Amino acid sequence: MMPKNNLRETIRLGLLAGVILLSISMIGMVEAFNERDIITDLFAMGQLVIFSTPLLAAYYLTRPQPEDDAQNAAQMILQGVIAGVMTAVPIFTLILVTLVWTNIRDFLVNVSPALIEILTFGMTPIVGGLVLMSVMAVMGIVGA
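Per my numbering, the sequence shown starts with residue 339, numbered consecutively.
Put into structure tokens, the structure is as follows:
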């Protein structure tokens, strides 16, 4: 069982990472970076930005502290999963908002259908958002 302070810190940092990813997405960087392939036709730079955010948040949370005793591996994995899912929450909220607010692009010009397609992996918004949460949880585990 994770102490309350660790859980609160994990949720807070995961949401902070999600808000950072949300702002990076909403200013157009994810869509612009997605045009550059890292591995041709397999992995784009925009995906690297998306996937690295929960990985870095989980790594930051589970890094060894000088004053800490050896951390429990199960606790580290749990922190990684929570951080990953919390990182996906702001992005999933944006995906849901675009379903309700169809003319969002009039106010937020970089929230385009192409961005939503990148964030949902070309799937329907709900399924893609849930897949995004799952992938973020896995990336959180990798970071832990």
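Cβ coordinates follow ideal geometry from the N, Cα and C atoms, glycine included. No experiment lies behind these values; they were computed from the predicted model shown.
Quick one: using the 10 Å Cβ neighbour count with 16 as the cut-off for buried, is residue i buried or exposed?
i, result
"E369", "buried"
"S363", "buried"
"V449", "buried"
"T348", "buried"
"T391", "buried"
"V419", "buried"
"F430", "buried"
"A452", "exposed"
"I388", "buried"
"V438", "exposed"
Give me the DSSP bridge partner(s) of residue i.
i, result
"I377", "F381"
Using only the alpha-carbon positions, how far apart do residue i and residue j sit?
i, j, result
"R374", "I365", "17 Å"
"Q385", "V480", "16 Å"
"R346", "G356", "15 Å"
"I464", "V473", "14 Å"
"T411", "D444", "Correcting the residue type first, residue 411 is Ala in the shown sequence and not Thr. When rounded, the distance between both Cα atoms is 47 Å."
"M477", "N441", "32 Å"
"L351", "F381", "26 Å"
"P402", "A482", "11 Å"
Less than 8 Å between the CB atoms is what I'm expecting for residue i and residue j, so what's the real figure, rounded?
i, j, result
"A396", "A421", "5 Å"
"Q312", "T436", "Residue 312 is absent from the model: the chain starts at 339 and stops at 482."
"A456", "N372", "It should be pointed out that residue 456 corresponds to Ile in this sequence rather than to Ala. Yes, I456 and N372 are in contact; Cβ-Cβ is about 5 Å, under 8 Å."
Please confirm whether residue i has its beta-carbon closer than 8 Å to some beta-carbon of chain C.
i, result
"L345", "As a matter of chain content, chain C is missing from the structure shown, which is built from one protein chain."
- Taking the runs of the alpha helix (DSSP H) that are 4 residues or longer, which of them lie wholly in the stretch 406-460? List check, alpha helix (DSSP H) in window: 411-438, 451-457.
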